[in-house]
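As structure tokens, the structure follows; a few thoughts come after it.
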Amino acid sequence: MTDPTYYTQPEIIRATIPEWFDRDGAPKYGASTPIVRAYAGALSGLTRTGLRIDRDDYPTPAMASNRIRRMIDHAYPGDEIDDAGNPFGQIDPTDHPACHLVTVDQFAGFAANTPKVIGSDTFRPKVTQTARRIIARLPERGWVAGVAVTVVDDMVKVSTTPKGKVHTDDNGDPIMVPAYGPGVVFTAYRLV
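Throughout the sequence shown, residue numbering follows my numbering, covering 119 to 310 in sequence.
Next up, the structure:
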């Protein structure tokens with residue numbers, strides 16, 4: 119019996135394999151193929167419990183995903199509050215256990231066929247729907263698992279030193295730097 123607050127990697131792989139099948143109904147890809155590994159890796163935040171989102175404040179997965187995207191986007195201040203009075207906070211997708219960053223050069227691993235060159239805005243809706251179908255095949259745990267997929271191409275953050283001191287320009291204004299390379303962030307969450 120696994121801990122009911124997370125999924126195991128084998129459970130995620132078993133839920134991913136049925137996503138693609140041959141005409142005779144047999145699975146098209148095995149557990150070790152790149153496309154299965156890519157999706158299992160992208161959903162790896164579910165193996166680390168993911169973010170806990172209160173269902174009373176965010177009753178639907180769409181509302182939870184919107185909140186998470188605001189937590190990742192540093193254009194929203196960390197002390198901003200939602201309609202229920204909850205602070206959004208901030209998530210650094212390169213360092214948060216619920217997050218998995220996929221850069222544009224990794225997009226090809228998510229394609230069943232030879233992929234065309236696509237951008238993050240095109241990639242996000244396709245992988246979001248596939249990830250949601252995979253999550254729907256996971257075993258019930260008494261809460262709703264989900265994933266928010268966020269485009270991070272143009273995000274910036276305040277430049278800081280390793281000790282957290284903010285870099286400023288000659289006028290004393292904070293210096294903004296690119297936050298992440300172009301790509302998308304998969305953020306796992308639990309609606310409880």
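From the three backbone atoms N, C-alpha and C, an ideal C-beta is built for every residue, glycine too.
Which class does G227 belong to by DSSP, given the choice of helix, strand or coil? Translated into positions along the sequence shown, residue 227 becomes position 109. For G227, the secondary structure class from DSSP, reduced to helix, strand or coil, is helix.
Taking just the CA atoms, how far does R255 sit from F139? Locating residue 139 in the sequence shown gives position 21, counting from the first residue. Locating residue 255 in the sequence shown gives position 137, counting from the first residue. The straight-line gap separating the alpha-carbon atoms of F139 and R255 is approximately 15 Å.
V267 burial status per 10 Å Cβ neighbour count (16 or more: buried): Sequence index remark: in the sequence shown, residue 267 carries index 149 (1-based). Residue burial is scored here from C-beta neighbours: V267 has at least 16 other C-beta atoms within 10 angstroms and is therefore classed as buried.
G301, DSSP secondary structure in three states: Locating residue 301 in the sequence shown gives position 183, counting from the first residue. DSSP places G301 in strand when its eight states are reduced to three.
By how many angstroms is the C-alpha of D287 removed from the C-alpha of P215? The residue labelled residue 215 in the question sits at position 97 within the sequence shown. The residue labelled residue 287 in the question sits at position 169 within the sequence shown. In a straight line, the C-alpha of P215 is about 32 Å away from that of D287.
Complete runs of the beta strand (DSSP E) confined to the segment 137-187 [at least 3 residues]: Listed in chain order, they are 169-171.
Given a threshold of 16 other Cβ atoms within 10 Å of its Cβ, counted over all protein chains shown, does G290 qualify as buried or as exposed? Taking the first residue of the sequence shown as 1, we reach residue 290 at position 172. With fewer than 16 Cβ atoms within 10 Å of its Cβ, G290 is classed as exposed.
Using the DSSP secondary-structure output, state which residues sit across from G264 in a beta bridge. Within the sequence shown, residue 264 is the residue found at index 146, counting from 1. The secondary-structure analysis by DSSP pairs G264 across a beta bridge with Y307.
How far does the alpha helix (DSSP H) with V220 in it reach, from first residue to last? Here residue 220 is taken as the residue at index 102 of the sequence shown, counted from 1. Taken as a continuous stretch (DSSP letters only), V220 belongs to no alpha helix (DSSP H), being part of the beta strand (DSSP E) at C217 to T221.
Let me check one thing: in DSSP terms, what residues is T286 bridge-paired to? Here residue 286 is taken as the residue at index 168 of the sequence shown, counted from 1. In the DSSP output, where bridge partners are listed per residue, T286 has P292.
Can at least three beta-carbon pairs, one atom from the segment 218-233 and one from the segment 150-159, be found at a separation below 8 Å? Verdict: yes, contact present.
Thinking T165 and Y125 are a contact (beta carbons under 8 Å), I'd like their distance in whole angstroms, please. As a first step, residue 165 is located in the sequence shown; it is residue number 47 there, counting from the start. As a first step, residue 125 is located in the sequence shown; it is residue number 7 there, counting from the start. Right, their Cβ atoms sit about 6 Å apart.
Just the C-alpha distance for H285 and S238, rounded to the nearest angstrom, thanks. Counted from its first residue, the sequence shown places residue 285 at position 167. Counted from its first residue, the sequence shown places residue 238 at position 120. The straight-line gap separating the alpha-carbon atoms of H285 and S238 is approximately 29 Å.
Residue from K146, R155 and F206 whose Cα sits closest to the Cα of I186: The residue labelled residue 186 in the question sits at position 68 within the sequence shown. The shortest Cα separation from I186 among K146, R155 and F206 belongs to F206.
Would you kindly work out how many angstroms separate the C-alpha atoms of G301 and A249, rounded to a whole number? Working through the sequence shown from its first residue, we reach residue 301 at position 183. Working through the sequence shown from its first residue, we reach residue 249 at position 131. Computed Cα separation, rounded: 16 Å.
Taking the CB atoms as reference points, tell me whether I171 and L309 lie closer together than 7 Å. Sequence index remark: in the sequence shown, residue 171 carries index 53 (1-based). Sequence index remark: in the sequence shown, residue 309 carries index 191 (1-based). In this structure, L309 lies closer than 7 Å to I171 by Cβ.
Which residues does DSSP pair with I199 in a beta bridge? Locating residue 199 in the sequence shown gives position 81, where the first residue counts as 1. For I199, which the question treats as bridged, DSSP gives the partners P205.
In this structure, does DSSP put E129 in helix, strand or coil? Reading the sequence shown from its first residue, position 11 is the one you call residue 129. In this structure, E129 counts as helix in the three-state DSSP scheme.
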